[in-house]
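Report on the following structure.
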Amino acid sequence: MSGAEFVPLSLPPLVIGVLAAVACALPGNFLVLRKQALIGDAISHVVLPGIVVAFLVTGAVSAWPMMIGAALAALVAVGLIEAIRRLGRIEPGAAMGVVFTAMFAGGVLLLEQSDTSSVHLDVEHALYGNLESLIWLDATGWQSLWDPVALAGLPDELLRMAITLLVVGLFTWVLWRPLKISTFDAGFAEAVGVPTGAVGLGLVVVSAIAAVAAFDAVGSIIVIAMFICPPAAARMMTNSLERQVVWSVVFAVLSAVLGYVFAGYGPLWFGAANAVSAAGMIATVLGVLLGLAAVFGPCRTRSGAPVA
Amino acid sequence: MFWQAVTLQLGYNATLVMLGAACLGVAAGVTGTFLFLRKRALVSDAISHATLPGVGLAFMLMVALGGDGRNLIGLLLGSAVSAGIGLLCVNWLTRRTRLAEDAAIGAVLSVFFGFGIVLLTVIQTMSSGRQAGLEGFLLGSTAGMLWSEAMVIALGGAVTLALVVALRRPMTLVAFDPEYAAATGRNVGQIDLAIMGLAMAVTVIGLKIVGLILIVAMLIIPPVTARFWTDRTDTMVVISGAAGGLAAYLGAAWSAVVPAMPTGPIIVLVSFAGFVASLLLAPNRGVLAAVLRHRRFQARVHLRQGLLALAQGQPIYERYTSRILQRAGLVSADGVATEAGRARAAKALLDEKRWEIVRADQAMEGAAALYDGMRALETVLTVDQIAEVDAKLAPPEALA
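So the sequence lines, in the order shown, correspond to chains A and B.
Under this note's numbering, the letters of the first sequence match residues 1 to 308, in that order.
Under this note's numbering, the letters of the second sequence match residues 1001 to 1400, in that order.
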């Protein structure tokens, strides 16, 4: 594989995939442990209407309005779920199901009704992502990595995803202790003065940021795989939170790289000419990793559970 | 135009779609009720996303065998198989590993969906043109639906419905009290599996109309809507079925008359509108009813406090209180108690004194627990008991 081909066509999507997977896996660790995994599901569905509304308001596909729109939609969804749960005394799972399906339907309807065919925003893109198309045309080879002119032509998504990962990483690092305590023993956390409510909300907000940033690269539904699978697989490997987070990052990176390589080059090995969906393949690899961890992982059963 | 659609005068194809959608809606609403009661509404999310790889594999298999890849029955069989595998994966992950059910659901739905997307991109490159219509399974499409396809959907809906009716007793029992159901010799695991199997059937049947991403809404929203109107399971099943059927029917009609209106999303949004209306307006559990109840309670508290103030000759500063007293004709506009007002005030004071005695008396503990500062004593104690209380009232002070 020559650098002249690899660097412009494959390096950016590969790096974006890795960044997205790690940015989602970090908050995912806490979501899975807190039994809030489906918050990731809800967020990634409601991102769509937020992005469509932002597009309709600004009339252009630009990053910041869309991220703001998506973040607002996520907050609206969290508020609605809470309101329905309290006002209607409905159990949280059902309240969540009502809200995210209705909001997703609204997003699809808006998308179909408005004329967005001229721009790069359609339902399939929203579901599949467009990782493959995030190419770096200004690059000519490995040496372009040191060429400021060429670097300016990097896809915007790369920078956005890098910043997102930085934010998510900082959040996890700075709030490590409060996050850990409030995840494992909310009562004790309250007692020692950790604002558990604020920590929980912060986790949701950071997850929303990661979901929004990863959305246009990998599509709304595969984001869910990135949130849940690496931490879930890591959970089977160890009993320590620190090691679980490290494992989840390893799994995230591994799946992004393997998934991208299989999607791009796998069909060639079988004699087919065209690549398959990279985002879909990353999710598939994540599923295989999770399956392997669930069958062979050293800590796969609940401690104390009977070994059947 | 919309009215024409609703009254089935919009031509053969639209009629077909609307009736098929209504069948599906009823089946989904009824089945969803048991999922909701069993608190497993979101398992349907995993089931529905897990149908995608089955659709893709079935298409590839049928093409490989030299047939038409778009045969609906073949595609639905494929989707049922992969949804079943997805369901087993959720069950296995939940039981055999330390993962909680929500993580298992999320992992299965996204991984199966991702794999399905991979298969769809393979199909796109495999046979250009012939895969047209497979995308319709994502969000549902009813344009150009065949009579045979509508029949499959309507029949499937009817069979599912019949099975739900046949299994409603054990399913209700398990939904409410699994331990009791197990104690009476029922196999809870199998009944749970039956509920899931029915949900899977509805999902598969609904793929063509609503699409796999939104079919879960048809299983979740109608039961939640129905829950506002009743506390009885059988009534809830009926209301949920009716809500689901009506939403699907109206949504399909709407999408038939408005261009570029995809069927799935509009059905979901009609259903959601019904949910919001129920949340606000339902008697007893609705928000409006709760607000009215609160207002009535507030008015009674203020009335009572106002009467006690009148009885003790204290001035009433609270504006709301005096407005209520005036409206009831107990106080004149200048704040002086009327004849009726004085009578009611004296009665309120007497009641309060009687309550004081009741609450101090160990023997009347049961009645004392009901004290809320508003209740008339006559509704709690018998005439004899009240006489007994009155006997303990402080004798009127002798006039000096």
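For glycine and all other residues, C-beta sits at the position ideal for the given N, C-alpha and C.
Alpha-carbon to alpha-carbon, residue j and residue i
i	j	result
B/Asn-1013	B/Gly-1144	7 angstroms
A/Ser-182	B/Leu-1099	19 angstroms
A/Val-47	A/Asp-185	31 angstroms
B/Gly-1116	B/Phe-1297	56 angstroms
B/Gly-1251	B/Ala-1243	12 angstroms
B/Ile-1209	A/Gly-297	41 angstroms
A/Ala-308	B/Thr-1097	A caution first: A/Ala-308 carries a pLDDT of 47, below 50, which makes its placement in the model too unreliable to give a value.
B/Leu-1119	A/Val-276	8 angstroms
A/Ser-255	B/Ala-1158	44 angstroms
B/Val-1055	B/Gly-1078	5 angstroms
B/Leu-1037	B/Pro-1178	11 angstroms
A/Val-199	A/Ala-63	27 angstroms
B/Thr-1021	B/Gln-1305	Before going further, note that residue 1021 of chain B is Ala rather than Thr in the sequence given. Rounded to whole angstroms, B/Ala-1021 to B/Gln-1305 spans 57 angstroms at the Cα level.
B/Asp-1351	A/Pro-49	59 angstroms
A/Cys-299	B/Thr-1094	14 angstroms
B/Thr-1230	A/Gly-79	26 angstroms
A/Ala-150	A/Ala-139	6 angstroms
B/Gly-1029	B/Gly-1245	7 angstroms
B/Ala-1273	A/Leu-14	43 angstroms
B/Val-1383	A/Ala-83	47 angstroms
A/Gly-202	A/Leu-38	16 angstroms
B/Arg-1342	B/Gly-1335	12 angstroms
B/Leu-1198	A/Pro-65	43 angstroms
B/Val-1204	B/Ile-1153	9 angstroms
Limits of the unbroken alpha helix (DSSP H) element including residue i
i	result
B/Asp-1384	1383 to 1392
B/Gln-1326	1319 to 1327
B/Trp-1092	1072 to 1096
A/Trp-136	Premise fails: A/Trp-136 is in no alpha helix (DSSP H) and is neither H nor E.
A/Phe-270	No alpha helix (DSSP H) holds A/Phe-270; DSSP gives it neither H nor E.
B/Glu-1352	1339 to 1360
B/Leu-1371	Per the sequence shown, the amino acid found at residue 1371 of chain B is Tyr instead of Leu. Element bounds for B/Tyr-1371: n/a, residue is neither H nor E.
A/Ile-81	63 to 87
B/Gly-1286	Taken as a continuous stretch (DSSP letters only), B/Gly-1286 belongs to no alpha helix (DSSP H), as it is neither H nor E.
A/Arg-302	Here A/Arg-302 belongs to no alpha helix (DSSP H), and DSSP marks it neither H nor E.
A/Ala-294	278 to 296
B/Ile-1316	Looking at the DSSP string, B/Ile-1316 is not in any alpha helix (DSSP H), and its letter there is neither H nor E.
A/Gln-314	Since the first and last residues shown for chain A are 1 and 308, residue 314 of chain A lies out of range.
B/Met-1364	Run containing B/Met-1364: none; DSSP gives neither H nor E here.
Proximity test, residue i beta-carbon vs the ligand SAH heavy atom, cut-off 7 angstroms
i	result
B/Gly-1313	Within the structure as shown, the ligand SAH is missing, as the structure has no ligands at all.
Cβ-based contacts, 8 angstroms cut-off: residues of the stretch 260 to 272 of chain A near chain B: Ala-263, Pro-267 and Ala-272
The stretch 126 to 135 of chain A contacting the stretch 59 to 79 of chain A, beta-carbon criterion three pairs below 8 angstroms: no
Any alpha helix (DSSP H) of 4 or more consecutive residues that is wholly inside the stretch 1170 to 1240 of chain B: 1178 to 1183, 1188 to 1210 and 1215 to 1227
Against chain B: residues of the stretch 96 to 116 of chain A by CB proximity under 8 angstroms: Met-96, Gly-97, Val-98, Thr-101, Ala-102, Phe-104, Ala-105, Gly-106, Val-108, Leu-109, Glu-112 and Gln-113
The stretch 225 to 242 of chain A touching the stretch 185 to 199 of chain A, judged by at least three CB pairs closer than 8 angstroms: no
Meets three-Cβ-pair contact criterion under 8 angstroms: the stretch 1326 to 1333 of chain B and the stretch 1362 to 1374 of chain B: no
Members of the stretch 54 to 86 of chain A that neighbour chain B once the beta carbon cut-off is set at 8 angstroms: Ile-84
The stretch 1215 to 1223 of chain B in contact with the stretch 1267 to 1278 of chain B per 3-pair CB rule at 8 angstroms: yes
4 or more residues per run - each alpha helix (DSSP H) lying fully within the stretch 10 to 46 of chain A: 11 to 33
Three or more C-beta pairs below 8 angstroms linking the stretch 228 to 238 of chain A and the stretch 90 to 106 of chain A: no
Selection of the stretch 1083 to 1098 of chain B by Cβ proximity to chain A, strictly under 9 angstroms: Cys-1089, Trp-1092, Leu-1093, Arg-1095, Arg-1096, Thr-1097 and Arg-1098
Interfacial residues, the stretch 194 to 222 of chain A to chain B, with Cβ spacing under 7 angstroms: Ile-221 and Ile-222
Cβ contact check for the stretch 51 to 69 of chain A and the stretch 282 to 298 of chain A: 3 or more pairs under 8 angstroms: no
Contact set between the stretch 4 to 27 of chain A and chain B, restricted to residues whose Cβ is under 9 angstroms from the partner: none
Inter-stretch contact at 8 angstroms, needing at least 3 Cβ pairs: the stretch 1078 to 1094 of chain B / the stretch 1048 to 1065 of chain B: yes
contact_flag[the stretch 1185 to 1204 of chain B, the stretch 1150 to 1167 of chain B] where n(CB pairs < 8 angstroms) is 3 or more: yes
At least three beta-carbon pairs within less than 8 angstroms, the stretch 147 to 165 of chain A to the stretch 200 to 218 of chain A: yes
Alpha helix (DSSP H) runs contained entirely in the stretch 1039 to 1070 of chain B, provided each spans 4 or more residues: 1043 to 1049 and 1051 to 1064
Near-chain B residues of the stretch 37 to 50 of chain A (beta-carbon distance less than 8 angstroms), N- to C-terminal order: Ala-37, Leu-38, Gly-40 and Asp-41
Selection of the stretch 163 to 179 of chain A by Cβ proximity to chain B, strictly under 9 angstroms: none
Contacting positions in the stretch 132 to 151 of chain A - beta carbon closer than 8 angstroms to chain B: none
The stretch 244 to 255 of chain A in contact with the stretch 100 to 116 of chain A per 3-pair CB rule at 8 angstroms: no
Selection of the stretch 1232 to 1262 of chain B by Cβ proximity to chain A, strictly under 7 angstroms: Ala-1260 and Pro-1262
Interfacial residues, the stretch 276 to 296 of chain A to chain B, with Cβ spacing under 8 angstroms: Val-276, Ser-277, Ala-279, Gly-280, Met-281, Ile-282, Ala-283, Thr-284, Leu-286, Gly-287, Leu-290 and Ala-294
Chain-ordered residues of the stretch 1335 to 1359 of chain B with a beta carbon less than 8 angstroms from chain A: none
Residues in the stretch 1165 to 1191 of chain B having any Cβ partner in chain A nearer than 9 angstroms: none
Interface residues of the stretch 229 to 249 of chain A facing chain B [CB-CB below 7 angstroms]: Cys-229, Ala-232, Arg-235 and Met-236
The stretch 1097 to 1111 of chain B: positions lying closer than 9 angstroms to chain A by Cβ: Thr-1097, Arg-1098, Leu-1099, Ala-1100, Glu-1101, Asp-1102, Ala-1103, Ala-1104, Ile-1105, Gly-1106, Ala-1107, Val-1108, Leu-1109, Ser-1110 and Val-1111
Short-range partners of chain A found in the stretch 1015 to 1026 of chain B, where Cβ spacing is below 7 angstroms: none
The stretch 1100 to 1113 of chain B in contact with the stretch 261 to 277 of chain A per 3-pair CB rule at 8 angstroms: no
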